[in-house]
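Chemist: Numbering (my numbering), first residue to last: 198 to 487.
Please find one structure pasted underneath; my questions will follow.
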């Protein structure tokens, strides 16, 4: 199983479209694919019909797995595109893992200092042990189902917080795709992501995080875009990765597909669909060499 996450702290760069389109293309190639929507905006889940009500807290979701300890296999749904999905939940906005100490738990030991000491020691051990801590919870759950899939793809929220930290520790080897615009803010976002990756790997020497490449999206073939593309090439090389050769052009087909809950195969894909097919082939070449 190859674990792949689409990440960028900048929003609106095409993470969801890239994740959904790649999932469909891999499924059409006969690959067994699971998509995990970890973006509390729920755009991916809504676009494929896995979420019809943003405030539906009864249907199992990735939040159910992370915060309520639901077994991951009970949260999986099969889409019409022949890949599986674990839907998102807007409660992920406030999810920060298990708290260190709850006041009601501490107060229960008000007259028992020895018991309080034992409780605090056990809690600290639980929160720092990879077999029980929250940072590795998704990894432990994914381990149960990994053998059933060729690829597990993750759509993430535009943030470098707790949820992304969980994603970056979700498999022994985590592969990242960074959709980005040809502009300076994307260069800054890539540098910030690299810092986060190095911090995690410094604390866990067994964790491998690999940036497969930077995917330029909504690209306009003008001098300004070409200038920033060259800057992104330099930045990518400086952190040990590269731009994908494929460039996704700006197209009205993408917002249309999202609005009508279609994928690009059903709408006016045209050139952009061909480019995503090129990206899929390039992705397979890169990930098979890891």
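Positions of the beta carbon are idealized from the N, C-alpha and C atoms, including for glycine.
Starting from the C-beta of residue 417, find all residues in its chain whose C-beta is less than 7 Å away, skip the five residues before and the five after it, and write them out in chain order.
Modeler: 447, listed in sequence order.
Chemist: Can you tell me the Cα-Cα spacing of residue 405 and residue 370, whole angstroms?
Modeler: 5 Å
Chemist: Measuring CB atoms only, is the segment 427–443 touching the segment 396–405, in the sense that at least three cross pairs come out at less than 8 Å?
Modeler: no
Chemist: Rounded to a whole number of angstroms, what is the C-alpha to C-alpha distance between residue 343 and residue 198?
Modeler: The straight-line gap from Cα to Cα measures roughly 6 Å.
Chemist: Would you call the segment 247–261 in contact with the segment 214–229, where contact means no fewer than 3 C-beta pairs closer than 8 Å?
Modeler: The segment 247–261 vs the segment 214–229: no contact.
Chemist: Can you tell me where the beta strand (DSSP E) holding residue 202 begins and where it ends?
Modeler: 199–203
Chemist: Assuming residue 245 is part of the beta strand (DSSP E), what are its boundary residues?
Modeler: No beta strand (DSSP E) holds residue 245; DSSP gives it neither H nor E.
Chemist: DSSP puts residue 163 in a beta bridge; with which residues?
Modeler: With the chain covering 198 to 487 only, the question about residue 163 has no answer from this structure.
Chemist: Count the other CB atoms within 10 Å of the CB of residue 380; is the residue buried (16 or more) or exposed (fewer)?
Modeler: Per the 10 Å Cβ criterion, buried.
Chemist: Residue 390 by DSSP, collapsed to three states: which one?
Modeler: helix
Chemist: Closest to residue 204 by C-alpha separation, out of 271, 268, 423, 410, would be which residue?
Modeler: Nearest C-alpha to residue 204: 410.
Chemist: Name the residue from 436, 231, 485 whose alpha carbon lies nearest to the alpha carbon of residue 351.
Modeler: 231
Chemist: Note down the Cα distance separating residue 426 from residue 304, rounded to an integer number of angstroms.
Modeler: 57 Å
Chemist: Do you know how far the Cα of residue 270 is from the Cα of residue 207?
Modeler: One C-alpha to the other measures close to 31 Å.
Chemist: Between which residues of its own chain and residue 282 is the CB-CB distance below 6 Å, once the five residues before and five after are set aside?
Modeler: Cβ neighbours of residue 282 beyond the five flanking positions: 232, 247, 274, 276.
Chemist: Whole angstroms are fine: how far does the CA of residue 307 sit from the CA of residue 241?
Modeler: 47 Å
Chemist: Going by beta carbon distance, what residues of the same chain come within less than 7 Å of residue 432, once the five residues before and after it are set aside?
Modeler: 384, 387, 388
Chemist: Across which residues does DSSP place residue 410 in a beta bridge pair?
Modeler: 374
Chemist: Please state whether DSSP places residue 415 in a helix, a strand or coil.
Modeler: strand
Chemist: May I have the straight-line CA-CA distance separating residue 335 from residue 310, to the nearest angstrom?
Modeler: 34 Å
Chemist: What does a CB cutoff of less than 8 Å around residue 264 pick up in its chain, not counting 5 residues either side in sequence?
Modeler: 288, 292
Chemist: How would you call residue 445, buried or exposed, if buried means at least 16 neighbouring beta carbons within 10 angstroms?
Modeler: buried
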